[in-house]
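Inspection log for the structure reproduced underneath, given as structure tokens.
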Amino acid sequence: MAKKILTKVLVLFLMAGFAQAGVIQLLTKIITPVNLVDGINIINVSVENTGDDIAKDLYVEAITPEGFTSNNIQLGDVAAGTEASGILQINVPSNKEGRYPLILKIKYSDANAYPFSVIASTYLNVKKYTPTNIYGTTEKLEVSENGENSLSVKITNRGETERKVTATAYLPDEFRVDNKVRELILKPKVQENLVYDIGDLGGQAGSAYLGIISLEYDDASHNTVLVPVAVEVTKQSSNKLYIWGIAAALGVIVVTVLFKVLSRKKEKKTPKKK
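Using this note's numbering, the first residue of the sequence shown is number -8, and each one after it goes up by one.
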């Protein structure tokens, strides 16, 4: 039996509905062959719900590298404390060699039909690959409800060779990413800072979401570095609400004063009857 690689991705977030409050906690396992070959390769995917609320209509969308093809998986409802699994059949072209990214976007809804999505990822090692001197880091990003913020990705070339790197951002559907695919030239022994503008499109306040920045380049073979991203949706600042409240109150006062002043002027201009 061929050796396989097991990848586990834990995505935890809280969701509060109007009718009920619960937690959906998904543990995604991706089992791949150590080395993929030309043609069809079997990838096993399982999703366990370790929370206390049901995840409904679970659907796994496979985002494959250019030239690769794959099916998607429909897993249906996954109750709390249960697991569902399926198989991806990934077709690898004969002209591919190296390390490639496999991105899974898992879509589902809660018991109130509110839609959610999460990102899971792993590497596809095709035939053989070489170690990389490219790596990237990020810090947790906070985005306010319906707001936006900038995600900074530090990318370093520790090697002696200049690299042309393609950086691609994969985030849940709850976020907007401007210019998700970027290209940059990394000179030897240099660190570059790449900035993505991220906007909230309905993420749950207080929830944390995982994403991936994929860094790809070609050497003797293809190479990939997956950089994890954590995005937390925060409630609107109470200070901002306080300021808006003061502004509204001042507005009412100003309008009231102006109304009284104008009324008095009108009374003075009106001649008195004898």
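Here a beta-carbon is modelled for each residue, glycine too, at the ideal position from N, C-alpha and C. Just so we're clear, the structure is a prediction, and the values are computed from it rather than from any experiment.
Does DSSP put residue i in a helix, a strand or coil?
i: residue 151; result: coil
i: residue 25; result: coil
i: residue 59; result: coil
i: residue 121; result: coil
i: residue 162; result: coil
i: residue 171; result: coil
i: residue 195; result: coil
i: residue 182; result: strand
i: residue 141; result: strand
i: residue 232; result: A caution first: residue 232 carries a pLDDT of 49, below 50, which makes its placement in the model unreliable, though a value can still be read off. Note: residue 232 maps to helix in three-state DSSP.
i: residue 39; result: strand
i: residue 84; result: coil
i: residue 44; result: coil
i: residue 136; result: coil
i: residue 20; result: strand
On the CB-based measure, 16 or more other CB atoms within 10 Å of its CB, does residue i come out buried or exposed?
i: residue 10; result: Note that residue 10 scores 31 on pLDDT, short of 50, meaning its location in the model is unreliable and no value can be drawn from it.
i: residue 15; result: buried
i: residue 137; result: exposed
i: residue 96; result: buried
i: residue 38; result: buried
i: residue 211; result: exposed
Out of the options, state which residue places its alpha-carbon closest to the alpha-carbon of residue i.
i: residue 74; options: 114, 65, 40, 201; result: 40
i: residue 158; options: 166, 179, 207; result: 207
i: residue 46; options: 80, 106, 57; result: 106
i: residue 28; options: 177, 90, 52, 144; result: 90
Checklist entry - Contact between the region 111 to 119 and the region 60 to 77: three or more CB pairs below 8 Å? => result By the Cβ rule, the region 111 to 119 does not count as touching the region 60 to 77, because fewer than three pairs are nearer than 8 Å.
Checklist entry - Hey, which unbroken runs of the beta strand (DSSP E) at 3 residues or more fall wholly within the region 87 to 133? => result Runs found: 89 to 100, 106 to 117, 125 to 129.
Checklist entry - Pairing CB atoms from the region 129 to 149 with CB atoms from the region 178 to 190, are three or more of them under 8 Å? => result These segments touch.
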